[in-house]
Each structure stands twice: as structure tokens, then as C-alpha cells.
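Quick note on our numbering: the sequence shown kicks off at 468 and runs consecutively.
The structure appears below as C-alpha cells.
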Amino acid sequence: AALQRTQSCWAFWREMVDRRGLIPSDTTLACMIEALLEARNVEDALALFQDWKAKVASNNHSYGAFISAWPQHGYIRKAVELTEEALARVRPGSRQSKFFLAPSALKQLF
């Protein structure tokens with residue numbers, strides 16, 4: 468069932484991006500990443516994120532999807548690195564900063 472949903476997501480993505488030439492919103496990108504992560508397509512999700520993060524402003528949802536999913540798939544160090552990258556994008560004390568775990572908290576998982 469998850470495979471069919473992922474295939475449907477990819478079909479929608481290709482229609483939107485390849486055929487219509489649209490640029491996905493940050494929310495659309497985050498939803499696609501989440502769908503891939505839920506289907507355990509970690510590498511595809513990462514490749515999509517890397518391909519689009521310079522073109523689409525990555526939001527807390529995109530980063531959060533990886534940060535929460537990677538430890539479940541054994542990528543704890545990557546979760547820490549991405550948390551640090553996400554925090555580097557956010558001004559200290561801003562509203563966005565409260566949405567991320569502190570890297571020191573994730574490092575305690577080692």
C-alpha cells in the first residue's frame with residue numbers, strides 16, 4: 468500500500484514539475500519528502516531535498532521530517548548535522564528557533 472502511495476506521489480510530482488514546469492511550494496516539497504520518508508525511501512527523500520533546497524525555501528516542516536525520521540532509520544548523526552544546519556538558518560530567539568531540537572539534545576542519543 469505504501470508503495471502505491473509513493474508511486475502516486477511521484478506521478479503527481481512529475482506532472483507538476485516536469486510536465487507543467489511548476490516550482491513546488493515549500494509545503495508541497497515537505498509533503499513529498501514526508502511521503503518518501505514514511506515509505507522508507509530515505510535516499511530518495513534526501514536527493515529530492517538536496518535538489519530543491521536551493522530553489523525552494525526549505526521550511527521547518529522539511530527539516531523536521533528528516534530530523535524526526537532519520538534516527539528511526541539509524542541516521543542519528545545525519546539528524547544532528549541537519550539540526551545544526553537548520554538552526555544556522557534561524558536567527559537566535561526568533562519564532563522559528565523553537566521548532567528545532569537543540570543539537571546537544573540529539574547528541575545525547577549516542
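All C-beta atoms, glycine included, are put in the ideal place defined by N, C-alpha and C.
Being a predicted model, the structure only gives us computed values, none of them experimental.
For residue i, verify whether its CB is less than 7 Å away from any heavy atom of the ligand MN.
i, result
"V547", "Among the components modelled here there is no ligand, and therefore nothing to report on the ligand MN."
Would a C-beta distance cut-off of 8 Å place residue i and residue j closer than the cut-off?
i, j, result
"L537", "A524", "Residue identity check: residue 537 is Trp in the sequence provided, not Leu. For W537 and A524, no; Cβs fall outside 8 Å."
"S529", "A497", "yes"
"I534", "L549", "yes"
Buried or exposed, going by whether 16 or more other CB atoms sit within 10 Å of the CB of residue i?
i, result
"G488", "exposed"
"A532", "buried"
"A521", "exposed"
"A569", "For A569, the predicted model reports a pLDDT of 48, less than 50, meaning its position is unreliable; a value from the coordinates is still stated below. Under this definition A569 is an exposed residue."
"A553", "buried"
"E501", "buried"
To the nearest angstrom, report how far apart residue i and residue j are at their CA atoms.
i, j, result
"A512", "L503", "6 Å"
"A572", "N527", "Because A572 carries a pLDDT of 46, less than 50, the predicted location of this residue cannot be relied on, and no value is offered for it."
"C476", "M499", "7 Å"
"R507", "Q474", "13 Å"
"I543", "R472", "27 Å"
"W519", "V484", "11 Å"
"R486", "H540", "33 Å"
"W480", "E510", "17 Å"
"T495", "E551", "23 Å"
"F577", "E505", "Caution applies to F577, whose pLDDT of 48 falls short of 50 and renders its modelled position unreliable; the value that the coordinates give is listed next. Computed Cα separation, rounded: 24 Å."
"S492", "A478", "17 Å"
"Q517", "I490", "15 Å"
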